[in-house]
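A short write-up of the structure that comes next.
Protein chains in written order, with our numbering: chain A, 7 to 368; chain B, 3 to 630.
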């Protein structure tokens, strides 16, 4: 009877917490509303530990408040000398053993999940033709943007990660300059991008992102990396497997695409003169771009990772990137002017129109 | 020889404090310096919270925000919490064990001046080209990349003040082992002294890795060493390991003495001996030991592999067991006691639930796979502030009230103290409780701003309001301290519930502490004497006789000043346009080594205070007839 009552208490506590916690945050960024296996298991661990720990806090607080109320000097009398108790072996054993049991309850799923999340053996599996079976994305974190290379598909993009739903997506993580950390709170995370070694892990995306408020999940840099650390955001678009394959094909079709210096379009000509040295406009290629690949710029959700996606913002950004992302590498080291020099307003307008027009989805 | 008690002029007082080797005066200096840096770092926190009050705020710039967060963390841990705890350790440890001073009074003074001048050096960075901006952890890739001299200030400033901390730690270990009064066995030592001992032992083992790490960083930045430059075969993860091998024990270096302080306050105001004293001692040692086994839990996301993560996860959880033992022992001390809710007791009572809340989130983060989500989010910010503010700052504030009469022979105002507690305590929970949820909702830490529409606006606003309340609380505390100057002398055992030796000494405490060395007959010696009706408060182990005391010395200050000057030379040495810097470096080091040579060559045997002088001093302090 007593046992059943306790179980019921724990259960109701968990239920209350579930309601309370899941009421928190936005679907596209909150770790409390995960859409993916990794995030969901992490949430389960969160609920388990929070449940046990809330129980501990409640028990301690109750005993302590009880002691506090019962043994006030105003109640026991001013001149009473309490019995000077040395201690109690029985109690010591009780409050050593019970925490150990509680910790063991937590430790078992912790250890198994740790090993499970680290299992990236499937990255190397190949089918009979020698092609990799799992989707791998090479993530390179740079000051202050993200490059996503799909080595098996031979394509590359930046700032907006595109992934299929319903399968394990494996990531190779690395930083190009200083340490960053790759985090998609609503899907699971996180892992550091170190400068000297590759880190590997996987995530699963359950849900297509098109129904979300902005049509994307939010990704964050979680390791202090300089003045614009707070602005080093990226977005994640999860597509159905068919839509993802279609996207890969259109990306492949941009092979060889470039901007022409002799173009009659002022935007394209300016791009070719001032931007092309760092920013590719073809989605086929490898990692190592000096600036983000802009092939899919028109399909993206943000300018520079965080500004609203419109031409005014793009123009303002091109005019003075340092104002929006302090310390970013589009500026001369002394911070006075962009490395491509000052462009005229007319050039910037044309450039913004051209860049906005770069798209594989429209 | 009434010169010991004569009023001195202003200049003479300053000189007295610069040259003093008296542990009580050094304690006051630690208290003042610690409070100063606490105020500075608190102000930095307020600036950051105002910046984060609303989305897209432009109150401070991105670069300056990084300087603020770096200096807030560095200052609070190294230059505020550490010296404030040293203030209590310096004041109380010799008194609690019945000693006339620490084992090495000269080193005590040297430790203070190294800490203080190192701290001043670090803070001068704000006015000399920019403060360090790579976080208090100063992870190597970012700190090597960071332009300007900010990180150099960090490296040199911490190196100097860290040397001071290490010296003080050594001093306490030797003091506690060798200077205990007759009868003061290890298992009769007050728990604060025990925690001071364990914490000093942690300093002894934890600071060398930091020193080595800082030295490597210094070589990388100044002489083109390549310890952490991965393009030249270095490795930045080594810095992370070195930093956290120091950094995790550092948390226990701070929190153990805080536990010790509460272990004094709670029995006093419960009128009951500490429940489970021996298990408390055992738990303290166990926490100290385990503290060295868990550093990689700060690095779960670094990619150390599942085996390392699993081992460190379980080891970290294990720390919850001795910590839980402590909490239950405190509660059982209250149970069956006679609780008087004074301001220090109020802090102790507020501490228990706050600290438990901080501890349990620690267990959550020890769960490695869950920590992948929590790490570097606002959840961790909430967690460590619950531990540090809920655990250490409440201990410092509570003990300031409790021990103010020992420091200054004055009481702090109780009514204002209680108001301060409530303002600060409510502000604290308001600030940090919601930050748990901000972290779970995806907000990374160390961000200077955030965009609208991520669901974070409301909680950030609440958090800032809480921070402002904490600021008001601190100001009230400082006002209370200032008001006490005009207060009445508190006299011996003003709380009426003192249990340990420090309360048995007549006030004001003479500079030699104990006229006769006391004989300790059990745990809580003063309580025993009081229960037996001994008006004297102590049983003496020796007849009244000559006392051997150390001489004052300006040498510790000069040694530290030399280091301070040399640091500027080292800082500017890599700059091509500052050829004079090498001379500054040489002059500074010459001063330091010169002073060391003087110290080595000159014999300083201290002096003897004769029986008659002692009686004369006591008559002047307490009037005719001895103790008042």
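Cβ atoms here follow ideal geometry from the backbone N, Cα and C, with glycine treated the same way.
Alpha carbon to alpha carbon, what distance is there between residue j and residue i?
i: residue 517 of chain B; j: residue 29 of chain B; result: 20 Å
i: residue 538 of chain B; j: residue 98 of chain B; result: 17 Å
i: residue 336 of chain A; j: residue 44 of chain B; result: 36 Å
i: residue 280 of chain A; j: residue 148 of chain A; result: 21 Å
i: residue 212 of chain A; j: residue 192 of chain A; result: 11 Å
i: residue 397 of chain B; j: residue 331 of chain B; result: 17 Å
i: residue 414 of chain B; j: residue 490 of chain B; result: 10 Å
i: residue 158 of chain A; j: residue 137 of chain A; result: 8 Å
i: residue 424 of chain B; j: residue 593 of chain B; result: 49 Å
i: residue 80 of chain B; j: residue 341 of chain A; result: 34 Å
i: residue 575 of chain B; j: residue 140 of chain B; result: 21 Å
i: residue 419 of chain B; j: residue 346 of chain B; result: 9 Å
i: residue 41 of chain B; j: residue 77 of chain B; result: 10 Å
i: residue 605 of chain B; j: residue 32 of chain B; result: 28 Å
i: residue 417 of chain B; j: residue 497 of chain B; result: 15 Å
What are the partner residues of residue i, as DSSP defines its beta bridges?
i: residue 102 of chain A; result: DSSP output for residue 102 of chain A lists no bridge partner at all.
i: residue 156 of chain A; result: A/161
i: residue 198 of chain A; result: A/187
i: residue 205 of chain A; result: A/179
i: residue 78 of chain A; result: B/341
i: residue 1 of chain B; result: The structure shown does not extend to residue 1 of chain B, since chain B spans only 3 to 630, so no value can be given for it.
i: residue 582 of chain B; result: Per DSSP, none; premise fails for residue 582 of chain B.
Identify the contact partners of residue i in chain B, using a Cβ-Cβ distance below 9 Å as the criterion.
i: residue 42 of chain A; result: Within chain B, no residue comes near residue 42 of chain A; the closest Cβ sits about 12 Å away, beyond 9 Å.
Against residue i, what residues of chain A qualify as contacts under a CB-to-CB distance less than 8 Å, listed in chain order?
i: residue 238 of chain B; result: 185, 200, 201, 202
i: residue 366 of chain B; result: 52, 55, 56, 59
Going along the chain, which residues of its own chain have a beta-carbon closer than 7 Å to the beta-carbon of residue i, five neighbours each way excluded?
i: residue 447 of chain B; result: 378, 379, 380, 382, 383
i: residue 215 of chain A; result: 221, 222, 223, 242, 243, 244
i: residue 265 of chain B; result: 193, 194, 276, 282
i: residue 589 of chain B; result: 567
i: residue 458 of chain B; result: 440, 443, 445, 452
i: residue 303 of chain B; result: 374, 377
Going along chain B in order, which residues have a C-beta closer than 7 Å to the C-beta of residue i?
i: residue 235 of chain A; result: 448, 449
i: residue 89 of chain A; result: 338
i: residue 30 of chain A; result: 439, 442, 443
i: residue 309 of chain A; result: Chain B residues near residue 309 of chain A: none, gap ~12 Å exceeds 7 Å.
i: residue 2 of chain A; result: Shown here, chain A extends from 7 to 368; a query on residue 2 of chain A therefore has no answer.
i: residue 101 of chain A; result: 326, 327, 330
i: residue 119 of chain A; result: 371
Give the interface partners of residue i over in chain B, defined as CB-CB distance under 8 Å, in chain order.
i: residue 226 of chain A; result: 444, 446
i: residue 197 of chain A; result: 303, 305, 374
i: residue 144 of chain A; result: Per Cβ cutoff of 8 Å: no residues; residue 144 of chain A is ~15 Å from chain B at best.
i: residue 35 of chain A; result: 443, 444, 456, 457
i: residue 344 of chain A; result: Chain B residues near residue 344 of chain A: none, gap ~18 Å exceeds 8 Å.
Note down, in chain order, every chain A residue with its Cβ under 9 Å from the Cβ of residue i.
i: residue 68 of chain B; result: 230, 232, 233, 235
i: residue 558 of chain B; result: None at all; the shortest Cβ gap to chain A is about 37 Å.
i: residue 24 of chain B; result: Chain A residues near residue 24 of chain B: none, gap ~35 Å exceeds 9 Å.
Chain A partners of residue i, CB-CB under 7 Å?
i: residue 143 of chain B; result: 184, 185, 201
i: residue 359 of chain B; result: 63
What residues in its chain sit with their C-beta under 8 Å from that of residue i, if we drop five residues either side in the sequence?
i: residue 164 of chain B; result: 80, 120, 209, 212, 213, 216
i: residue 530 of chain B; result: 523, 524
i: residue 295 of chain A; result: 153, 162, 164, 284, 285, 286
i: residue 34 of chain A; result: 192, 215, 218, 219, 220, 222, 223, 224
Is it the case that the CB of residue i approaches a heavy atom of the ligand ATP more closely than 7 Å?
i: residue 525 of chain B; result: Among the ligands in the structure shown, none appear at all, so the ligand ATP cannot be discussed.
Spatial neighbours of residue i within its chain, please: C-beta separation below 6 Å, excluding the five flanking residues on both sides.
i: residue 228 of chain B; result: 234, 236
i: residue 587 of chain B; result: 568, 571, 572
i: residue 137 of chain B; result: 72
i: residue 162 of chain B; result: 116, 120, 565
> Relative to chain A, which residues along the region 304-320 of chain B have a C-beta separation below 7 Å, given in chain order?
Replying inline: Cβ contacts with chain A: 304, 305, 307, 308, 311, 312, 315, 316, 319.
> Looking at chain A, which residues of the region 265-279 of chain B have a Cβ within less than 9 Å of any of its Cβ atoms?
Replying inline: Cβ contacts with chain A: 271, 272, 273, 274, 275, 276, 277, 278, 279.
> Which residues, taken in chain order from the region 437-457 of chain B, show a beta carbon closer than 7 Å to some beta carbon of chain A?
Replying inline: Per Cβ criterion, the list reads 439, 442, 443, 444, 446, 448, 449, 450, 451, 452, 453, 456, 457.
> Given a limit of 9 Å on CB to CB distance, which residues of the region 343-355 of chain B reach chain A?
Replying inline: For the region 343-355 of chain B, the set of residues with a beta-carbon nearer than 9 Å to any beta-carbon of chain A comprises 343, 351, 354, 355, in chain order.
> When Cβ atoms are compared, which residues of the region 320-336 of chain B fall closer than 8 Å to chain A?
Replying inline: Of all residues in the region 320-336 of chain B, 320, 322, 323, 326, 327, 329, 330, 331, 333, 334, 336 have a Cβ within less than 8 Å of some Cβ in chain A.
> Taking any Cβ of chain A, which residues in the region 141-168 of chain B have a Cβ under 7 Å from it, in chain order?
Replying inline: Interface annotation for the region 141-168 of chain B against chain A: 141, 143, 144, 147, criterion Cβ-Cβ distance under 7 Å.
> the region 35-47 of chain B: which residues have C-beta closer than 8 Å to a C-beta of chain A, in chain order?
Replying inline: Residues passing the 8 Å Cβ filter: none.
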